[in-house]
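In case it helps, this note's numbering puts the sequence shown at residues 4 to 297.
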Amino acid sequence: PGLEDKGMDVYSRFRQPDLKKLYFLKAIRLKKGLILIPKLSHMAGDGYSYFYFLSLLATLAQPPKGPIKSFLTAFSSRPHHRRTALKDFSCSGLEWKPAPQNERLTVERVEILRKDVKSIIRDVAASHHLQISTNDVLAGLAIKKLAGRQTAFREDDVDVTIPIDVRQHVKEYGQRFFGNGIMLHTFKLRRHDAENLEIKEIAVQIRKSMPVVTSETYLNYLTGLEDIISQRNMDKLRPFDPERGCLVTNLSKLPSDKLDFGTGPPEFIMPLTSEKNSTGILAKKENYVLRFAY
Numbered sequence: 004p005g006l007e008d009k010g011m012d013v014y015s016r017f018r019q020p021d022l023k024k025l026y027f028l029k030a031i032r033l034k035k036g037l038i039l040i041p042k043l044s045h046m047a048g049d050g051y052s053y054f055y056f057l058s059l060l061a062t063l064a065q066p067p068k069g070p071i072k073s074f075l076t077a078f079s080s081r082p083h084h085r086r087t088a089l090k091d092f093s094c095s096g097l098e099w100k101p102a103p104q105n106e107r108l109t110v111e112r113v114e115i116l117r118k119d120v121k122s123i124i125r126d127v128a129a130s131h132h133l134q135i136s137t138n139d140v141l142a143g144l145a146i147k148k149l150a151g152r153q154t155a156f157r158e159d160d161v162d163v164t165i166p167i168d169v170r171q172h173v174k175e176y177g178q179r180f181f182g183n184g185i186m187l188h189t190f191k192l193r194r195h196d197a198e199n200l201e202i203k204e205i206a207v208q209i210r211k212s213m214p215v216v217t218s219e220t221y222l223n224y225l226t227g228l229e230d231i232i233s234q235r236n237m238d239k240l241r242p243f244d245p246e247r248g249c250l251v252t253n254l255s256k257l258p259s260d261k262l263d264f265g266t267g268p269p270e271f272i273m274p275l276t277s278e279k280n281s282t283g284i285l286a287k288k289e290n291y292v293l294r295f296a297y
């Protein structure tokens, strides 16, 4: 109880060293519960894959419900991770400079009522005749919060980066794809707008900036990453520059309710990865939680 309110002291206590393998799992038994600390290398998969693996692990930890039902559950949940090589490509010989170490960060959590988000969506539909998403609204809230800090960014234009899960758009992947199925979408937002516009106006700008995701556009995106690597411009591979912009990652739809290893779903999930000027969107029962790091 109260674990989420103890800030960076908790993060530094449970943060693990850099991952040397594709997966790491540590369990800490407490008097009143159990803490699981899993880490998945991005070489193996993204956030969706991270929770996908944990949910399957939890399913296997449950007592068997009969041989046929157990087989059907395992078969229907089997991840799709087949790889098709489009062409030869190698990153060998490239050096990756470690990112500058951040100063001690402040982590803040703000709970957002789901009904308030729905109200903004209805308001925009009526006033702008535009359908925006929950993520547009929550990202708008995050951007406004971070941009409102006087020392947040160096430039007047803020680079906003939002990861997009492409699984539902790329038929070759599908919802059971285990790997990296994300596209990092970055657009510029005037800092003055981020500070002064209403949340619904920022959400509209976010929605209008969103790219069309298809198999073709995603392949073009991946080709662009290959070009960056070929040019050895490794700095451009970083998700974002915390001095010039912010990162907003939506984790609210990840299957936390399926992480039942026999004693019920987790009471609380806390990401241990923190980056300056980043926001993680989490779910808490019927509402949302914005977790800011700055």
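For every residue, glycine included, the Cβ atom is placed at its ideal position computed from N, Cα and C.
Mind checking residue i: buried by the 16 CB within 10 Å criterion, or exposed?
| i | result |
| --- | --- |
| Y26 | exposed |
| Y291 | buried |
| E278 | buried |
| D49 | buried |
| S312 | Nothing about residue 312 can be read from this structure; the chain reaches only from 4 to 297. |
| M186 | buried |
| A197 | buried |
| L6 | Because L6 sits at a pLDDT of 49, beneath the cut-off of 50, its placement in the model cannot be relied upon, and the following sentence gives the value as read from the coordinates. L6 should be labelled exposed. |
| E289 | exposed |
| V113 | exposed |
| T298 | No information on residue 298 is available, as it lies outside the stretch 4 to 297 that the chain covers here. |
| N253 | buried |
Return the bridge partner residues of residue i from the DSSP annotation.
| i | result |
| --- | --- |
| D168 | I185 |
| F2 | What the structure shows of the chain is the stretch from 4 to 297, and residue 2 is not part of that stretch, so it cannot be assessed. |
| R294 | R112, G283 |
| K191 | D162 |
For the beta strand (DSSP E) that residue i lies in, which residues bound it at each end?
| i | result |
| --- | --- |
| L39 | 36–43 |
| G248 | 248–253 |
| R32 | 26–33 |
| I202 | Note, I202: premise wrong, no beta strand (DSSP E); alpha helix (DSSP H) at 202–212. |
Near residue i, which residues of its chain fall below 8 Å by C-beta distance, leaving aside the five closest residues on each side in sequence?
| i | result |
| --- | --- |
| P4 | Its pLDDT being 40, under 50, P4 is placed unreliably in this model, and the value from its coordinates should be taken loosely. Around P4: no qualifying Cβ. |
| H188 | T164, I165, P166, I167, S212, M213, P214 |
| P245 | N105, E278, K279, N280, S281 |
| H195 | D159 |
| K256 | A286 |
Taking 7 Å as the limit between beta carbons, can you name the residues of its chain near residue i, skipping five residues before and five after?
| i | result |
| --- | --- |
| V127 | L133, I135, K203, A206, V207 |
| I272 | S259, L285 |
| H148 | Position check: residue 148 holds Lys in this sequence, whereas His was assumed. Within the same chain, K148 has close Cβ partners F295. |
| F190 | V163, S212 |
Kindly list the residues whose CB is nearer than 6 Å to the CB of residue i, restricted to its own chain and excluding five residues on each side of it in sequence; keep chain order.
| i | result |
| --- | --- |
| R179 | P82, H83 |
Kindly indicate the opening and closing residues of the alpha helix (DSSP H) around residue i.
| i | result |
| --- | --- |
| K148 | 137–150 |
| I316 | Nothing can be reported for residue 316, as the shown portion of the chain is limited to 4 through 297. |
Indicate whether at least one CB of chain D lies closer than 9 Å to the CB of residue i.
| i | result |
| --- | --- |
| L43 | Of the protein chains in the structure, only one exists, and it is not chain D. |
| request: Determine contact between the stretch 133–146 and the stretch 198–218, defined as no fewer than three beta-carbon pairs at a distance below 8 Å. | output: yes
### Message
With a threshold of 8 Å, are at least 3 pairs of Cβ atoms found where one atom belongs to the stretch 230–238 and the other to the stretch 31–44?
### Response
no
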